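Going down the list, the protein sequences come from chains A and B.
Be aware that the first sequence starts at 1, since it is given in this note's numbering, and climbs by one per residue.
Be aware that the second sequence starts at 111, since it is given in this note's numbering, and climbs by one per residue.
Everything on this sheet refers to the single structure shown next.
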Amino acid sequence: GQNIDQPTEMTATEGAIVQINCTYQTSGFNGLFWYQQHAGEAPTFLSYNVLDGLEEKGRFSSFLSRSKGYSYLLLKELQMKDSASYLCAFSTGGGNKLTFGTGTQLKVEL
Amino acid sequence: GAVVSQHPSWVICKSGTSVKIECRSLDFQATTMFWYRQFPKQSLMLMATSNEGSKATYEQGVEKDKFLINHASLTLSTLTVTSAHPEDSSFYICSAIVGGNTDTQYFGPGTRLTVL
Numbered sequence: 001g002q003n004i005d006q007p008t009e010m011t012a013t014e015g016a017i018v019q020i021n022c023t024y025q026t027s028g029f030n031g032l033f034w035y036q037q038h039a040g041e042a043p044t045f046l047s048y049n050v051l052d053g054l055e056e057k058g059r060f061s062s063f064l065s066r067s068k069g070y071s072y073l074l075l076k077e078l079q080m081k082d083s084a085s086y087l088c089a090f091s092t093g094g095g096n097k098l099t100f101g102t103g104t105q106l107k108v109e110l
Numbered sequence: 111g112a113v114v115s116q117h118p119s120w121v122i123c124k125s126g127t128s129v130k131i132e133c134r135s136l137d138f139q140a141t142t143m144f145w146y147r148q149f150p151k152q153s154l155m156l157m158a159t160s161n162e163g164s165k166a167t168y169e170q171g172v173e174k175d176k177f178l179i180n181h182a183s184l185t186l187s188t189l190t191v192t193s194a195h196p197e198d199s200s201f202y203i204c205s206a207i208v209g210g211n212t213d214t215q216y217f218g219p220g221t222r223l224t225v226l
């Protein structure tokens with residue numbers, strides 16, 4: 001079957017680094033997405049990993065291990081505006097269906 | 111680029127009425143759009159995949175006769191919630207795949223539906 005798991009909540013300090021983990025199980029895996037969602041708004045695209053390894057994009061980096069069914073999103077130099085829900089999702093099948101995790105609510109504090 | 115809009119952004123309706131939500135790709139053509147539903151503090155649940163010029167593909171447990179999807183052009187898909195009931199109150203979000211790039215889905219701003 002399909003399964004995707006990430007922590008429900010995390011708290012971090014402004015200026016610090018935080019890592020949000022995501023584990024998944026599925027067949028027909030295409031790739032792993034990370035989206036940011038502020039309350040009451042639609043998700044915005046952060047990253048997409050197809051191959052194993054780390055993809056760096058500014059303050060955000062995303063890592064994927066296909067063999068382990070594991071990904072993480074790394075946020076550096078945290079800012080207050082980074083307080084949001086971070087959703088990991090895997091893509092499967094030829095139609096690129098996305099299956100989302102429940103999201104990790106990140107709270108950045110002073 | 112890759113902007114997706116939705117209309118309306120919020121709607122309140124009486125139980126038993128029907129509500130239509132539009133999803134438009136503003137600066138690209140989208141052969142495939144997706145409709146999601148999100149209940150408070152829960153993740154996005156895929157309802158259906160909307161393909162231009164053909165019938166939508168519904169996920170298991172989603173009533174196709176209740177949630178009517180029409181994808182009549184390469185820039186517009188509509189979701190009609192028929193005979194809405196309070197349990198249909200939710201945040202409805204569409205997404206679209208940019209033509210030529212079948213990987214990344216770009217999301218619309220969502221429509222908050224409240225059924226009284």
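From the three backbone atoms N, C-alpha and C, an ideal C-beta is built for every residue, glycine too.
All figures in this text were calculated on a predicted structure; none of them were measured in a lab.
Around residue 138(B), no beta-carbon contact reaches into chain A at under 8 Å, the shortest distance being about 14 Å. 8 Å or more divides the Cβ of residue 51(A) from the Cβ of residue 35(A). Burial is judged here by how many other beta carbons sit within 10 angstroms of a residue's own beta carbon; residue 147(B) has at least 16 and is buried. Straight across, the Cα-Cα distance linking residue 88(A) with residue 207(B) is about 18 Å.
The beta carbon of residue 118(B) sits no closer than 8 Å to any beta carbon of chain A. By the Cβ criterion, the stretch 120 to 140 of chain B is in contact with the stretch 193 to 201 of chain B, since at least three pairs of Cβ atoms, one from each stretch, lie closer than 8 Å.
By the C-beta density criterion, residue 179(B) is buried, having at least 16 other C-beta atoms within 10 angstroms. Apart from sequence neighbours up to five positions away, the residues of its chain that approach residue 186(B) with a beta-carbon distance below 6 Å are 134, ordered along the chain.
With contact defined as three or more Cβ pairs closer than 8 Å, the stretch 167 to 183 of chain B and the stretch 61 to 77 of chain A are not in contact. As DSSP reads the structure, residue 166(B) sits in no beta bridge.
A check of alpha carbon separations from residue 32(A) across 15(A), 7(A), 100(A) identifies 100(A) as the nearest. According to the DSSP secondary-structure assignment, residue 5(A) is paired through a beta bridge with 23(A). When 213(B), 140(B), 139(B), 203(B) are compared, the shortest CA-CA separation from residue 94(A) is found for 213(B). Among the residues of chain B, those whose CB is under 8 Å from the CB of residue 91(A) are 213, following chain order. For residue 53(A), the enclosing beta strand (DSSP E) has its first and last residue at 53 to 57. Secondary structure remark: continuous alpha helix (DSSP H) runs of at least 4 residues inside the stretch 157 to 209 of chain B: none found. Ranked by how close their Cα comes to the Cα of residue 141(B), the residues 170(B), 157(B), 165(B) have 165(B) in first place. Close CB contacts of residue 145(B) within its chain, under the 6 Å cut and outside five residues either way in sequence, are with 157, 158, 189, 204 (chain order).
Using beta-carbon distances, residue 170(B) does not count as an interface residue toward chain A, since no partner is under 8 Å.
In this chain, the beta strand (DSSP E) harbouring residue 98(A) covers 97 to 100. Residue-level contact by beta carbon holds for residue 45(A) and chain B, with a gap shorter than 8 Å. Only 151, 152, 153, 154, 155, 156, 159, 161, 167, 169 from the stretch 151 to 169 of chain B bring a Cβ to less than 9 Å from some Cβ of chain A. Here the stretch 113 to 120 of chain B does not lie against the stretch 13 to 21 of chain A, with fewer than 3 beta-carbon pairs under 8 Å apart. For residue 215(B), the enclosing beta strand (DSSP E) covers residues 215 to 217.
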